[in-house]
Structures are given as C-alpha cells and as structure tokens.
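To start, the structure under review is shown below, and the notes come after it.
Residue numbers (full-length UniProt numbering): 1 to 55.
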C-alpha cells in the first residue's frame with residue numbers, strides 16, 4: 001500500500017482521536033499524528049488485517 005493512501009485514510013480520524021485525548025495544541029497533535037502514521041507505514045508488512053486500523 002502506498003504511504004499517501006495510508007495517510008489519507010488515517011489522518012483525519014487519528015487527528016480527531018488525538019485531539020480528544022490530548023487536548024493539545026495543533027502543532028503537538030500534528031506531530032503525534034505524523035509519528036503514528038510513519039510507524040504504521042513501517043509496520044504495514046506485518047499487519048495481519050484481522051482487525052481495524054484503530055484497534
């Protein structure tokens with residue numbers, strides 16, 4: 001899967017999730033989201049697709 005597709009699929013729901021949990025400034029939320037998406041990309045080949053991305 002392409003990184004861009006993963007980012008588009010995860011970024012908005014992940015941003016909303018992080019904002020609710022952290023209540024942080026936008027720049028901090030963006031950093032957490034970016035780090036999370038990069039980690040997801042790096043581990044994509046080991047993801048077994050037995051669950052949602054968010055579980």
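Note that the Cβ used here is the ideal one computed from N, Cα and C, for glycine as well.
Rounded separation between residue i and residue j - CA only
| i | j | result |
| --- | --- | --- |
| residue 11 | residue 38 | 11 Å |
| residue 3 | residue 46 | 15 Å |
| residue 34 | residue 20 | 16 Å |
| residue 24 | residue 15 | 11 Å |
From the options, residue whose alpha carbon lies closest to that of residue i
| i | options | result |
| --- | --- | --- |
| residue 32 | 8, 17, 6, 43 | 17 |
| residue 6 | 30, 51, 36 | 36 |
Residue i in three-state terms, based on DSSP
| i | result |
| --- | --- |
| residue 51 | coil |
| residue 11 | helix |
| residue 21 | helix |
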